[in-house]
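First up is the structure itself, then whatever we jot down about it.
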Amino acid sequence: MTDLKDSKILILSTNGFQQEELFEPKAYFEEKNATVLLASPEAEKIQAGEGDDREIKPDMTIEGVVVGDYDALILPGGLANPDVLRQNKKAISLIREFAEAGKVIGAICHAPWLLVEAQLTHGREMTSFPSIRTDLENAGANWIDEQVVCDNAIVTSRNPDDIPAFNAKIAEEIREGKHERDALTQVA
Numbered sequence: 001m002t003d004l005k006d007s008k009i010l011i012l013s014t015n016g017f018q019q020e021e022l023f024e025p026k027a028y029f030e031e032k033n034a035t036v037l038l039a040s041p042e043a044e045k046i047q048a049g050e051g052d053d054r055e056i057k058p059d060m061t062i063e064g065v066v067v068g069d070y071d072a073l074i075l076p077g078g079l080a081n082p083d084v085l086r087q088n089k090k091a092i093s094l095i096r097e098f099a100e101a102g103k104v105i106g107a108i109c110h111a112p113w114l115l116v117e118a119q120l121t122h123g124r125e126m127t128s129f130p131s132i133r134t135d136l137e138n139a140g141a142n143w144i145d146e147q148v149v150c151d152n153a154i155v156t157s158r159n160p161d162d163i164p165a166f167n168a169k170i171a172e173e174i175r176e177g178k179h180e181r182d183a184l185t186q187v188a
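With UniProt numbering applied, the sequence shown covers 1 to 188.
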């Protein structure tokens with residue numbers, strides 16, 4: 001297991017997240033000695049999706065995030081979580097800031113909806129949960145049905161079964177370092 005001791009990763013989520021897509025990457029990167037923090041629009045505990053009573057308290061609100069402090073941003077899926085976050089201007093602005101800074105962004109399942117809202121899909125290869133394929137394609141992405149797709153430090157995966165490949169690719173991208181790019185040239 002390659003150590004990521006000096007790496008700092010932010011997970012952005014709110015209520016209705018897919019529990020495996022938050023807790024498994026968090027545990028994976030903590031086992032690699034990375035610092036993993038959770039940000040949410042509100043300071044209160046957030047709960048996984050319907051039928052799952054797992055909760056977690058955010059380390060900070062979105063307002064407390066300093067993008068330069070982090071190497072990567074992870075966006076877990078679930079139905080409600082990305083749907084709520086994509087309507088939050090501060091959340092979308094934060095995602096764009098990560099992209100503009102050349103940071104790694106990982107989005108799994110329904111979380112690529114957030115990349116659509118942040119206008120980071122045009123001209124990129126991506127994957128997602130199949131039900132949002134049309135949304136990604138309509139936003140200019142080239143949708144590919146693979147476990148993990150990486151396009152210039154934006155890592156996407158389809159569902160909880162893909163988490164091992166998703167985690168490994170994010171770790172690889174972090175090890176590569178900052179990705180020089182201008183996200184604004186990628187806007188649809």
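We put the CB at the ideal spot given by N, CA and C, even for glycine.
query, result
"What residues are listed by DSSP as bridge partners for D151?", "I154"
"Please report the straight-line C-alpha distance between N152 and G102, rounded to a whole angstrom.", "9 Å"
"Quick one: residues in its chain with C-beta nearer than 7 Å to the C-beta of N88, no 5 flanking neighbours on either side, listed in chain order?", "P41"
"Which first and last residues belong to the alpha helix (DSSP H) in which T14 is found?", "No alpha helix (DSSP H) contains T14, which DSSP labels as neither H nor E."
"To the nearest angstrom, how far is the alpha carbon of H110 from that of E176?", "26 Å"
"Excluding sequence positions up to five away, which residues of its chain have a Cβ less than 6 Å from the Cβ of N81?", "S13, T14, G16, F17"
"Please specify which runs of the alpha helix (DSSP H), each continuous and at least 4 residues long, are wholly inside the region 102-144, giving them in chain order.", "112-117, 133-138"
"Flag this pair as touching only if the region 105-125 and the region 28-36 have three or more C-beta atom pairs under 8 Å; answer yes or no.", "no"
"Note the first and the last residue of the continuous alpha helix (DSSP H) segment covering A27.", "19-31"
"So the candidates are P112, V66, P25, G49; which of them puts its Cα closest to the Cα of E97?", "V66"
"Mapping the DSSP letters down to three states, classify E44 as helix, strand or coil.", "coil"
"Of all the options I95, A165, S93, which has the alpha carbon lying nearest to the alpha carbon of T127?", "A165"
"Per DSSP, which one or two residues make a beta bridge with I56?", "I46"
"Rounded to whole angstroms, what is the Cα-Cα separation between I62 and A91?", "7 Å"
"Does the Cβ-Cβ distance between N167 and P76 come in under 8 Å?", "no"
"For L94, report the span of its beta strand (DSSP E) as first-last.", "First-last for L94: 89-100, but that is the alpha helix (DSSP H), not the beta strand (DSSP E)."
"Got a sec, what are the start and stop residues for the beta strand (DSSP E) I170 sits in?", "Taken as a continuous stretch (DSSP letters only), I170 belongs to no beta strand (DSSP E), being part of the alpha helix (DSSP H) at 163-176."
"Taking DSSP as the reference, what is the three-state secondary structure of L85?", "helix"
"Considering only C-alpha positions, which residue in the set E173, I132, C150, L10 is nearest to Y70?", "L10"
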